[in-house]
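Since the structure comes first, as structure tokens, the remarks are kept for the end.
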Amino acid sequence: MNSTEAPRRAAPARGMWPLYAAGFTTAFGAHGIAANLGGFSGDAVTSLLVLGGLLALYDGAEVVLKPLFGSLADRIGARPVLLGGLVAFAAASALYVVADSHGWLWAARLGQGAAASAFSPSASALLARLNPAAGHGRAFGSYGFCKSVGYTLGPLLGGVLVWAGGLRLLFAVLAVLGAAVAVWAAVAVPVVPPLPKARQTVLDLARRLADPVFLAPTAALAGATAALSVGVGFLPVSGRAAGLGTVATGAAVSVLAACAAVVQPRAGRALDEGRLTARSGLLAGLLVTAAGLACAMLPGLTGVLCAAALIGAGTGLITPLGFATLASSTPPERLGQTMGSAELGRELGDAGGPLLVAAVATATTLTYGYAALAVLLAAGPLVVLVGRPGKR
Numbered sequence: 032m033n034s035t036e037a038p039r040r041a042a043p044a045r046g047m048w049p050l051y052a053a054g055f056t057t058a059f060g061a062h063g064i065a066a067n068l069g070g071f072s073g074d075a076v077t078s079l080l081v082l083g084g085l086l087a088l089y090d091g092a093e094v095v096l097k098p099l100f101g102s103l104a105d106r107i108g109a110r111p112v113l114l115g116g117l118v119a120f121a122a123a124s125a126l127y128v129v130a131d132s133h134g135w136l137w138a139a140r141l142g143q144g145a146a147a148s149a150f151s152p153s154a155s156a157l158l159a160r161l162n163p164a165a166g167h168g169r170a171f172g173s174y175g176f177c178k179s180v181g182y183t184l185g186p187l188l189g190g191v192l193v194w195a196g197g198l199r200l201l202f203a204v205l206a207v208l209g210a211a212v213a214v215w216a217a218v219a220v221p222v223v224p225p226l227p228k229a230r231q232t233v234l235d236l237a238r239r240l241a242d243p244v245f246l247a248p249t250a251a252l253a254g255a256t257a258a259l260s261v262g263v264g265f266l267p268v269s270g271r272a273a274g275l276g277t278v279a280t281g282a283a284v285s286v287l288a289a290c291a292a293v294v295q296p297r298a299g300r301a302l303d304e305g306r307l308t309a310r311s312g313l314l315a316g317l318l319v320t321a322a323g324l325a326c327a328m329l330p331g332l333t334g335v336l337c338a339a340a341l342i343g344a345g346t347g348l349i350t351p352l353g354f355a356t357l358a359s360s361t362p363p364e365r366l367g368q369t370m371g372s373a374e375l376g377r378e379l380g381d382a383g384g385p386l387l388v389a390a391v392a393t394a395t396t397l398t399y400g401y402a403a404l405a406v407l408l409a410a411g412p413l414v415v416l417v418g419r420p421g422k423r
């Protein structure tokens, strides 16, 4: 397949599924381990400070490395970076299985984050290159669906694996998963050579990333990720404060993930079929997400469940539309760089949302923390309106 074919017709579906599986892998690996480190009672996790450091390693590596690997994908091709990242993920996971020591757990977690930084933006770039602009919504909707499944199954299946065989068993499963997806991608994903591109200075890059066409969808993606992290992390706290048990609060988080998974493919299809524009979809998604955070301010089970459903639906609407907009408005030879930079924005939202809510809640109450993020997201549509994301 040459570079001129990608914009005209989509690659066969069999070439898409390994990319969706890569999205599942990074989501399952991130949440599967993160959700179970706190209950690991060995010598590796000795304090809350150690736990926080282990949790931060994965996201920290992604914040630093995703833009770099995205640029590398543009230079040498996204497929080699995808395969290398998946192989590195399998190797990093196997490291702890073999070594099983405190120090090697830190190294394995850092290696997983660095590897995910390589194959995650590369998978997004390949989705954009292998599908015409009219199919970007479906492609990114399906990709987001598989990531949502990974986020949902990670804590549940990861907990079962840790219960059955300890943390080493979970890392072993992740090693096998990464290797299997790498082999699958090597066999099924078409070769997409890098495109020639003009020399780019640092000033040129800064101008492109400061363009509202990039900033508006990226800001929406960051806001959606911030709300998602707050929902997963703080809705259980609200549930416990209302006297709900762990089953009820766990079900609320599952509702959030399920709503996001269900909405993403439908939003992508609506975009491709012209029933929804990127601009109106991002606006609606931000407002729905803000409404979900407002519902979280209500006491009791009703507030928690309504918040979970609306946050999940809003983020599920934003995610495929944001990435499809970025893909459609980016020169094909710069897709890796754009996707890596957009992923950086999401990671900052992932960290910034909980920090904002926690800071406000510490000074006041959690109710006001939800309100602060809701107001911030409700103001987001103004950015989208001014930015006018790329036309579909």
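Residue numbering for the sequence shown follows this note's numbering, beginning at 32 and increasing consecutively.
Glycine included, each C-beta is placed from N, C-alpha and C at the ideal position.
Burial check for Arg377: the Cβ neighbour count within 10 Å reaches 16 or more, so the residue is buried. When the five nearest sequence neighbours on each side are left out, the beta carbons in the same chain lying within less than 7 angstroms of the beta carbon of Thr350 are those of Gly175, Leu252, Ala255, Gln295, in order along the chain.
Burial of Ala288 is indicated by the presence of at least 16 other C-beta atoms within 10 angstroms of its C-beta. Cβ contact annotation for Cys326 (same chain, cutoff 7 angstroms, sequence separation greater than five): Gly334, Cys337, Ala338, Leu341, in chain order. The distance from the Cβ of Leu404 to that of Leu387 is about 6 angstroms, consistent with a contact at the 8 angstroms cut-off.
For the pair Ala315 and Leu275, the Cα-to-Cα distance works out to about 31 angstroms. In the three-state reduction of the DSSP assignment, Gly323 falls in the helix class. The continuous alpha helix (DSSP H) containing Leu136 extends over residues 133-161. Look at Glu364 here: in three-state DSSP terms it is helix. A direct Cα-to-Cα measurement between Arg306 and Gln368 gives close to 30 angstroms. Per DSSP, Thr183 is one residue of the alpha helix (DSSP H) stretching across 167-219. Remark: fewer than three beta-carbon pairs, one from each stretch, lie closer than 8 angstroms, so the stretch 125-133 and the stretch 159-171 are not flagged as touching. Contact check for Gly270 against Ala279 passes: the beta carbons are separated by less than 8 angstroms. In the structure shown, Pro351 adopts helical secondary structure according to DSSP, grouped into three states. From the listed residues Val95, Ala389, Ala104, the smallest Cα separation to Val222 is found for Ala104. Your pair Gly115 and Ala149 checks out as a contact, with CB atoms roughly 6 angstroms apart and the cut at 8 angstroms.
Contact between Gly181 and Gly299 fails: their C-beta atoms lie close to 18 angstroms from each other, not under 8 angstroms.
Cα atoms of Val293 and Ala125: separation of roughly 33 angstroms, rounded to the nearest angstrom.
By the neighbour-count criterion, in which 16 or more other beta carbons inside 10 Å mark a residue as buried, Val218 falls on the exposed side. Boundaries of the alpha helix (DSSP H) harbouring Arg271: 243-272, taken from the DSSP string. In this structure Thr183 touches Ser285 by the C-beta definition: roughly 6 angstroms separates them, less than 8 angstroms. Across the set Gly91, Leu187, Gly262, Leu157, the C-alpha of Leu157 shows the shortest separation from the C-alpha of Arg365.
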